[in-house]
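With UniProt numbering applied, the sequence shown closes on residue 502, and no number is skipped along the way.
Glycine residues also receive a C-beta, built at the ideal position from the N, C-alpha and C atoms.
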Amino acid sequence: MKMLSITPNKFTYPFVFLACGNLEAVREGRLAHSEVFKLGLDADLHTVHSMITMYFRCGEFGFARKVFDEISDKDLVSWNSLISGYAKMGRAREAVEVFVRLREESGFEPDEMSLVSVLGACGELGDLELGKWVEGFVVERDMKLNTYIGSALISMYGKCGDLVSARRIFDGMPSRDVITWNAVISGYAQNGMADEAISLFHSMKESGVNPNKVTLTAVLSACAGIGALDLGKQIDEYATQRGFQHDIFIATALIDMYAKCGSLESAQRVFNDMPRKNDASWNAMISALASHGKAKEALSLFQRMSDEGGGARPNDITFVALLSACVHAGLVDEGHRLFDMMSTLFGLVPKIEHYSCMVDLLARAGHLYEAWDLIEKMPEKPDKVTLGALHGACRRKKNVDIAERVMQMLLELDPSNSGNYIISSKIYANLNMWDDSARMRALMREKGVTKTPGCSWIEVDNELREFRAGDGLSLDSTDICNIIDLLYEDLKKEGYVPKIVD
Numbered sequence: 001m002k003m004l005s006i007t008p009n010k011f012t013y014p015f016v017f018l019a020c021g022n023l024e025a026v027r028e029g030r031l032a033h034s035e036v037f038k039l040g041l042d043a044d045l046h047t048v049h050s051m052i053t054m055y056f057r058c059g060e061f062g063f064a065r066k067v068f069d070e071i072s073d074k075d076l077v078s079w080n081s082l083i084s085g086y087a088k089m090g091r092a093r094e095a096v097e098v099f100v101r102l103r104e105e106s107g108f109e110p111d112e113m114s115l116v117s118v119l120g121a122c123g124e125l126g127d128l129e130l131g132k133w134v135e136g137f138v139v140e141r142d143m144k145l146n147t148y149i150g151s152a153l154i155s156m157y158g159k160c161g162d163l164v165s166a167r168r169i170f171d172g173m174p175s176r177d178v179i180t181w182n183a184v185i186s187g188y189a190q191n192g193m194a195d196e197a198i199s200l201f202h203s204m205k206e207s208g209v210n211p212n213k214v215t216l217t218a219v220l221s222a223c224a225g226i227g228a229l230d231l232g233k234q235i236d237e238y239a240t241q242r243g244f245q246h247d248i249f250i251a252t253a254l255i256d257m258y259a260k261c262g263s264l265e266s267a268q269r270v271f272n273d274m275p276r277k278n279d280a281s282w283n284a285m286i287s288a289l290a291s292h293g294k295a296k297e298a299l300s301l302f303q304r305m306s307d308e309g310g311g312a313r314p315n316d317i318t319f320v321a322l323l324s325a326c327v328h329a330g331l332v333d334e335g336h337r338l339f340d341m342m343s344t345l346f347g348l349v350p351k352i353e354h355y356s357c358m359v360d361l362l363a364r365a366g367h368l369y370e371a372w373d374l375i376e377k378m379p380e381k382p383d384k385v386t387l388g389a390l391h392g393a394c395r396r397k398k399n400v401d402i403a404e405r406v407m408q409m410l411l412e413l414d415p416s417n418s419g420n421y422i423i424s425s426k427i428y429a430n431l432n433m434w435d436d437s438a439r440m441r442a443l444m445r446e447k448g449v450t451k452t453p454g455c456s457w458i459e460v461d462n463e464l465r466e467f468r469a470g471d472g473l474s475l476d477s478t479d480i481c482n483i484i485d486l487l488y489e490d491l492k493k494e495g496y497v498p499k500i501v502d
């Protein structure tokens, strides 16, 4: 266009900025920005708003904010461009801060675009209070609960763990499309309520709404959570029929599902068939190998990722998977090497998850004091998972010294977890410290802590069955008990002796 001596105008540059943003071509975007300034088009709000969006998509948050600050006569779209840009690029805190300024300083009332953007930020931050304010604002202004606002509210409540409110919004919507269904299914899946997520998936299909890629990814996550392999296979077949099998997100979810459902071979097949892999794909396969005790193969795949991963580069999640592999295989020296490699070779700062793996690795190997030293050197306080790993190892190694130190911290972090009291009591009992063992049981009763019954699921004929320890309410419980008795008799004939020490 410019080669033909045709001067671009205010209608041209928004398309130029859109293209630069989509391609993350920040150099060309800056050149276009300078041309806009030279041509005096910087007063055109549509052009300026497209420029803000372009800078956000290129990751240039400072430039985006600078362009916004220089707008002399901001309108609501100006504010929305900034809020949406921050929210979409994972800068939730800044998105909320700008939204608060919009309410308090701008003189404008938030519209649908403002609310949808800030609800996404609330979900990421777990800011339930602001999320509830937004719902109140919608009700107070008698705004229509359409797909966009309704789905954003459901998603926000789901990410904040308030599934009662999420379901209330969902049930109250006059119409539901695939976006709405995805929001509620994802909410249940993210909160560990896989059976309810799968039930909603079936209801979605019965209502005539076709699942899309987002739906399938969420349901595969639910299948992975409870080992629903048959349904996972059906979704794999459905994805292939719809031409989704090479979608990078679905393929990665399939790898995770197959691995967690015990079908490592199928996970490997999906990984090998992927024409393109990203960080998450490599990490999912490394995690799959690690969780199946294939430490050597996991480390080999990590080397492949480093050498030929394309644009993929090992990240925090990669090293969690690798360290987990070392834990399962007892590779203490290799674990130390990988832990050091994070910072020296890849510039990554170890997080709580990495420390947790190292503590678990050292504890399982019997290096309890080294594990405790690592806990004391951590840049932040250990979480209950890290401490729980060391506590369990103290029981196996009968180390009451470290166990008492750990239990003191667990009483502050997780006082309602019955397992911690029981483990400490058994450590004392195994060392014939009966008074201390009784004291721990008494402390448990004094705090009103009760033992949580075990729970598991099994999928039979596409129907999920839940079992809880001590549950005698199943319709088939008599038949089930009879079968268990028969299995137990067969096991005894094979020489099985139950462990009854604990």
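Just the Cα atoms here: how many angstroms apart are D316 and A365? Spanning the two alpha carbons is a distance of roughly 24 Å.
What's the gap between the Cα of V320 and the Cα of I226? A direct Cα-Cα distance of roughly 22 Å separates V320 from I226.
F302 classed as buried or exposed, judged by whether at least 16 other C-beta atoms fall within 10 angstroms: It is buried - the Cβ of F302 has at least 16 other Cβ atoms within 10 Å.
Reduced DSSP secondary structure (H/G/I, E/B, other) of H246: Correct three-state label for H246: coil.
Select from C261, T252, S221 and K213 the residue whose C-alpha is nearest the C-alpha of Y238. Selected option, being the one with the closest Cα: K213.
Opening and closing residue of the alpha helix (DSSP H) in which E494 lies: Annotation for E494: no alpha helix (DSSP H) segment contains it, and DSSP assigns it neither H nor E.
What residue does the alpha helix (DSSP H) around N272 start on, and which one ends it? Counted as a single uninterrupted DSSP element, the alpha helix (DSSP H) harbouring N272 occupies residues L264 to D273.
If contacts are defined as beta-carbon pairs under 8 Å, then V96 and V118 qualify, I think. What distance do you get, rounded to the angstrom? The C-beta separation of V96 from V118 comes to about 6 Å, placing the pair in contact by the 8 Å criterion.
Pick from V359, I352 and P314 that is closest to M341, judged by C-alpha positions: The candidate whose alpha carbon is nearest that of M341 is P314.
DSSP state of E109, grouped into three classes? Coil.
At what residues does the alpha helix (DSSP H) containing I427 begin and finish? That run of the alpha helix (DSSP H) goes S418 to N430.
Using the three-state DSSP reduction, which class does G131 fall into: helix, strand or coil? DSSP places G131 within a helical segment (H, G or I) once states are collapsed to three.
With a 10 Å radius around its C-beta and 16 neighbouring C-beta atoms as the bar for buried, classify E70 as buried or exposed. Of the other Cβ atoms in all chains shown, fewer than 16 fall within 10 Å of the Cβ of E70; this residue is therefore exposed.
Pairwise C-alpha distance: L163 and E380: Looking at the two C-alpha atoms, the distance is approximately 31 Å.
Cβ atoms of M444 and Y421: under 8 Å apart, would you say? Going by beta carbons, Y421 and M444 fall inside the 8 Å limit.
Note down the Cα distance separating S416 from D360, rounded to an integer number of angstroms. Going by the C-alpha atoms only, they are around 22 Å apart.
Which of the three DSSP states, helix, strand or coil, is assigned to A251? In the three-state DSSP reduction, A251 falls in the helix class (H, G or I).
Would DSSP call N80 helix, strand or coil? Secondary structure at N80: helix, using DSSP grouped into helix, strand and coil.
From this set, S165, K74, S72 and A64, which residue's C-alpha is nearest Y86's C-alpha? Per the Cα distances, A64.
Residue environment, I500, which counts as buried when at least 16 other CB atoms sit within 10 Å: Its pLDDT being 47, under 50, I500 is placed unreliably by the model, and nothing is read from it.
Rounded separation between N278 and L411 - CA only: Approximately 41 Å between the Cα atoms of the pair.
How far does the alpha helix (DSSP H) with H46 in it extend, from its first residue to its last? The continuous alpha helix (DSSP H) containing H46 extends over residues L45 to R57.
Throw me the rounded Cβ distance for the T47 and K10 pair, which I believe falls under 8 Å. Rounded to the nearest angstrom, the Cβ distance from T47 to K10 is 5 Å, consistent with a contact under 8 Å.
T386 lies in the alpha helix (DSSP H); which residues open and close that run? From DSSP, the alpha helix (DSSP H) with T386 extends over K384 to K397.
Among residues of its own chain, excluding the 5 on either side of D502, which ones have a beta-carbon nearer than 8 Å to its beta-carbon? For D502, the predicted model reports a pLDDT of 46, less than 50, meaning its position is unreliable; a value from the coordinates is still stated below. Around D502: K426.
Would you kindly check if the distance between the Cβ of L76 and the Cβ of F108 is under 8 Å? Result yes, Cβ atoms of F108 and L76 sit closer than 8 Å.
With a threshold of 8 Å between beta carbons, is G293 in contact with chain D? Here chain D cannot be found, since the structure has a single protein chain.
Close beta carbons around T180, own chain, < 8 Å, minus the five adjacent residues each side: The residues are T147, G150, S151, I154, F170 and M173.
Quick check: A224 and M257, are their CB atoms within less than 8 Å of each other? In this structure, A224 sits near M257, with a CB-CB distance shorter than 8 Å.
Using the beta-carbon count (16 or more within 10 Å), is S266 buried or exposed? Under the 10 Å beta carbon count, S266 is surrounded by 16 or more other beta carbons and is classified as buried.
For W372, count the other beta carbons within 10 Å of its own beta carbon; 16 or more makes it buried, fewer makes it exposed. Which is it? By the 10 Å Cβ count, W372 comes out buried.
Hey, out of Y369, Y55, F68 and G29, whose CA is closest to D44's CA? The shortest C-alpha separation from D44 is found at F68.
Are D248 and A222 close, meaning C-beta to C-beta below 8 Å? First, the amino acid is wrong: residue 248 is Ile here, not Asp. No.
Just to confirm the assignment, what range does the alpha helix (DSSP H) spanning N22 have? Its alpha helix (DSSP H) spans residues Y13 to L23.
CB R91 to CB F61, shorter than 8 Å? Contact: yes.
Could you spell out where the alpha helix (DSSP H) holding Y175 opens and where it closes? The question names Tyr, but residue 175 is Ser in the sequence shown. That residue, S175, is in no alpha helix (DSSP H); it is neither H nor E in DSSP.
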